[in-house]
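Chemist:
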Amino acid sequence: MFRRLNCLRRTQRFYSLNVSNSLFGRESFVRRHIGPNDADQNEMLKELGYQSLEDLSKAVIPDNVYLQKTPNLKSSVIIDEQTLSTLIKSIANKNEIRRSYIGMGYHGCHTPHVITRNMLENPGWLTPYTPYQEEIGQGRLESLLNFQTMVADLTSMGVANASLLDEATAASEALAMTYRQTKRKFWFVADNVHPQTLAVVQTRASALGIEVCVGDPNLADFKPYAGVLLQYPDTYGCLMDIGEIVKAAHDNGALVVCAADLLSLTLIKPPGEYGVDIVVGSSQRFGTPLGYGGPHAAFVACKSALVRLIPGRVVGVTRDADGNQAYRLTLQTREQHIRRERATSNICTAQALLANLAAMYAVYHGPNGLRDIARRVHHNTVVLKAALDKIQDCSTGDGSYFDTLNVKTKIPRQTIIDRCNEKMINLRFFDDQSIGISLDETITANDLNDLLWIFGYEKSIDEIILSNDELLEKSVSKTIFKRTSQYLQHPVFNNHQSETEIVRYMKQLENKDVSLVHSMIPLGSCTMKLNATAELLPLSEPGFTNIHPFVPPGQVSGYQEILEELEYDLCQLTGYDKISFQPNSGSQGEFAGLCAIMKYHQHRGDAERRVCLIPTSAHGTNPASAQMAGMDIQLVNVSKDGCIDMQHLKDKVNAHKNQLSCIMITYPSTNGVFEETVIEICDIIHTNGGQVYLDGANMNAQVGLCRPGDIGSDVSHLNLHKTFCIPHGGGGPGMGPIVVKSHLAPFLPSHPIIGNGNGELSLGTVSAAPFGSASIIPISWAYIKLMGFEGLRKATQVAILNANYMSKKLSSHYKTLFVGTKCGLVAHEFIIDTREFKKTANIDATDIAKRLMDYGFHAPTMSWPVAGTLMIEPTESESRLELDRFCNALISIREEIRQIENGTVDREQNVLKLAPHTLKQICNDEWNRPYSRNVAAYPMGYEQKVWPSVGRIDSKYGDQNVMCSCPLVF
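In full-length UniProt numbering, the protein residues as written are 1 to 970.
(1) For D393, does the three-state DSSP call read helix, strand or coil?
(2) Would you list, in sequence order, the uninterrupted alpha helix (DSSP H) runs of no fewer than 4 residues that lie entirely inside the segment 392-465?
(3) When the distance is taken between beta carbons, is V279 closer than 8 Å to G272?
(4) Within the continuous beta strand (DSSP E) that includes H69, where are the two ends?
(5) G791 lies in the alpha helix (DSSP H); which residues open and close that run?
(6) Considering Cα atoms alone, identify which of E873, K410 and I502 is closest to Y364.
(7) In angstroms with no decimal places, state the Cα-to-Cα distance between L23 and F29.
(8) Tell me, please, which residues DSSP counts as bridged to G833.
(9) Using three-state DSSP, classify R99 as helix, strand or coil.
(10) Using a threshold of 8 Å, state whether the C-beta atoms of residue 978 and L852 are closer than that.
(11) Would N64 be called buried (16 or more neighbouring beta carbons within 10 Å of its own) or exposed?
(12) Excluding the 5 residues flanking G237 on each side, which residues of the same chain have their C-beta closer than 8 Å to its C-beta?
(13) In this structure, does DSSP put W125 in helix, strand or coil?
(14) With a CB to CB cut of under 7 Å and the five nearest residues on each side skipped, what residues in its chain are close to N6?
(15) Can you tell which of E244, L208 and G227 has the C-alpha that lies nearest to the C-alpha of L219?
(16) So I831 packs on L817, CB below 8 Å; how close in whole Å?
(17) If you check the beta carbons only, do I663 and I633 fall under 8 Å apart?
(18) Where V257 and H917 are concerned, what is the direct C-alpha to C-alpha distance, given to the nearest angstrom?
(19) Relative to the C-alpha of L530, which residue among S519, I711 and S540 is closest?
(20) Less than 8 Å between the beta carbons of R285 and P224, yes or no?
(21) Using 10 angstroms around the beta-carbon of E541, count the other beta-carbons present and answer buried if the total reaches 16, otherwise exposed.
(22) Could you check the C-alpha separation between P746 and H194 for me, to the nearest Å?
(23) Any beta carbon from chain B within less than 8 Å of I633's own beta carbon?
(24) Apart from the five residues just before and just after C966, which ones in its own chain have a Cβ nearer than 7 Å to its Cβ?
(25) Name the two residues that bound the continuous beta strand (DSSP E) containing P711.
(26) Using alpha carbons as the reference points, say which of K945, V60, L761 and S75 lies closest to Y783.
(27) Among the residues of its own chain, which have a CB less than 6 Å from the CB of C643, if the five just before and after it don't count?
(28) Short of 6 Å in beta carbon distance, which residues of its chain neighbour K657, apart from the five on each side in sequence? Order them along the chain.
(29) Mind checking which residues open and close the beta strand (DSSP E) that includes D55?
(30) Per DSSP, M862 is paired with what?
(31) For Q659 and A936, what's the separation of their Cα atoms in angstroms?
(32) Keeping to the same chain, check which residues put their C-beta closer than 8 Å to that of D710; ignore five residues upstream and five downstream.
(33) Return yes when the Cβ of L748 is within less than 8 Å of the Cβ of K578, no when it is not.
(34) Would you mind stating whether P131 and G690 have Cβ atoms separated by less than 8 Å?
(35) Alpha carbon to alpha carbon, what distance is there between D925 and V228?
(36) I need the straight-line Cα distance from T904 to A915, nearest angstrom please.
Below is the structure:
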């Protein structure tokens, strides 16, 4: 061991001495991460008229924000991929893998290997984006529809969404639905819900000015309340007949929200059969590893009448241009990129990859398999209870239960703890000295024997089973809670139980989607860069994946090492002082950052400061987040050059200076330019008592070149799933930690279970787990270790180079809408103006987006931030060859538009209006279109081809005929 360690140290010293030339060190990984090689970079620079990346960077970025000092990252040792693999294992081994029976919504489970290999570790599922271009996202959409069907069936509700972040945030979103429906500003939360759920609900309620009452729902008067939150089974494991509570709430005009356990609903009466209005929960135990808290897919299901209030994304069934069944994201008019501060849905609160994982778990097991798992879990709980009740000093109560027992014992607490430590077991310890034990599908007879030993029982569990003939009579199936209704009857859940069928099904779905394994995804503001395989190694390490989020901190020294190093490096790279990893999406980061600002003002006696200024060039999620934080929103105009209108900003500040809370800016702006006046903007806001929130969506243009903390910003969120290489997963997971200046540090999020040093000044709790989606945080840590500061800086420079190269290459065919006022260059993304084509050729941005599919590409961001335009972000990871391929596709499409403009092609029946073209259409015996099949399918020749699986989606039909679960007949 010592010989290997010394060898590793010598290797690291060798790397540190050979930064620039080593074929085996960091430089080799940097070359693989960055698409264009050195020769291509030089040619591209020459075409732009610059000699070096440094010259280009200084031309693009204003002098007064350009980074003057090199940040000192945590480790100066250069790590290559093989060293990283060894290091990851050693750090993971510092975490103690104990058997955790803590429960509280988190349970051990088995992820079928076939799903792990073919979905969780598969870039075809990891690297797509949210399926807004539905024709090339049918695979994920079908799988998400399976998820919705699974949830709706098990909860017995009318409709379910396509996932949310975690159970606690789902509960708070559901209560927000009740507020919007009833307009009452009071929520009632049962005193037996999970404590992390209560904490998140209280934080959300406080921001909205809603009062939360906690108590016994059996004794409550529901007249003033908008919504009532119940837990079923509750946090102690007890099942309660909630029918009378539901009736009492409805009689008083309140809606009922029920947090439920999906696996239990295969055996027990579902909440929908009690008449509840909304059901929330987590699908974690459907095959998703614990991962120290995430990511896991939560859900909201509701009565059909409330569907237009449901948060998150919803997949619906529609048809394509040929009348074939197809899927799309439906009811998008609820979403914030359309309704802004009036939105009822936040598009960033989703966990698509994990929802697909849970859905495939249900497809793999089918209804009978899920029921069998639930029966095993419940039977083991019955057996454990029977044994514990035989112990003289123990009692477990007389109520009904599914998988959790609340044990009261006279055995000293420390004795129990010592025995738990000896057996490497974690239990839940309540303040009243009782102990919680939650079982799961991983339980064996040996586990049960160890649990009994902890409580002083010396017999084998086998003796209990053999000697107790009444065990079956104690099953939940013998109580009023027995489920009698059917579920998961659709063929998709009943035809894939063999591995052959499940593998083929997953591959069929994967093949319907475009991901980064096919071609570049040039989505502006989304930063679809390389997610290197080496960076994803932590996802497969048991030391990271098999950890319950509420284990004592002493058991997770490996995670703490990762979190501490990443915090230091991110603060160095951004110019801030402190970080919170709790927000588990960009939208949650925005909300947390704004709440910290609000708490700061309140602490200073400035509670009247509630006005948030938001330029129209800021990120599209900002207004909805500000509204959720309880702020009053004032929009600031943008001038013709795409920059903030300084006079309008000053007028707004003067009008609201006594109520000014903050400004939300995006830098560089969503219009794709580094604004020269950004420091002046920050000074104006600070002079008038406000704070500056800088959205981290465009950090991929800043890292290593400028720092928001130096510019004058007080708080930012960082999209680790953009700039720092966590995969998008087809629409989630994401991570949005917030970084703050020291004066805001006391107001960072806290957690009711795991203390993190933030006291009474904290803004509260924003996610169920103390560190959000902790298991994916090591990906960003690995990215920084592999790149080092110089590598990160070069990546940013090449991202800017790629964008300007593409903008120039397209300049003879498309106008770049906004450029820097002094340099005439763009940042890391740019907007091309396609609005004139509507007049000249009856072609809009949608037509271009659909036609790009025939060329094998995903479209850029469409009609945002400017309607009728396309926003392109190439990232640093795309090669010059791929940049040219995409530009040539757009140039070819521009020529197709010219043919319409000059009258040689019809304005309605043309290759753009009828795009995309499917294989079925091309191979059909009938072809009555005024262009050849070859032009339709192979416009750039016979190179790599991605076939859309459906024709153009009929969105209007989908909105008029809302269907959000698997149809038996279409």
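Where a beta carbon is used, it is the ideal one built from N, C-alpha and C, also for glycine.
Modeler: Reading off the structure:
(1) coil
(2) 413-423 and 445-454
(3) yes
(4) The amino acid occupying residue 69 in the given sequence is Lys; His does not appear at that position. First-last for K69: undefined, no H or E at that position.
(5) I777 to L810
(6) I502
(7) Any reading at L23 needs caution, since the residue's pLDDT is 41, under 50, leaving its predicted position unreliable; the model's value is listed next. Roughly 9 Å separates the two Cα atoms.
(8) The sequence shown places Asp at residue 833, not Gly. Answer by DSSP bridge pairing, in chain order: K815 and T869.
(9) strand
(10) As displayed, the chain neither begins before 1 nor continues past 970, which places residue 978 out of reach and without an answer.
(11) exposed
(12) G103, Y401, F402, D403, T404, L405, N406, G436 and S438
(13) helix
(14) Because the pLDDT of N6 is 45, which lies under 50, any placement of that residue in the model is unreliable, and the question is left without a value.
(15) E244
(16) 4 Å
(17) no
(18) 45 Å
(19) S519
(20) no
(21) buried
(22) 25 Å
(23) Absent from the structure is chain B; it holds one protein chain and no more.
(24) L145, N146, T149, H490 and V492
(25) Looking at the sequence provided, one finds Ile at residue 711 rather than Pro. From DSSP, I711 is part of no beta strand (DSSP E) but of the alpha helix (DSSP H) over P708 to I711.
(26) S75
(27) E675
(28) N688
(29) It is not in any beta strand (DSSP E) - D55 instead sits in the alpha helix (DSSP H) that spans L53 to V60.
(30) L870
(31) 58 Å
(32) V65, L67 and G575
(33) yes
(34) no
(35) 59 Å
(36) 18 Å
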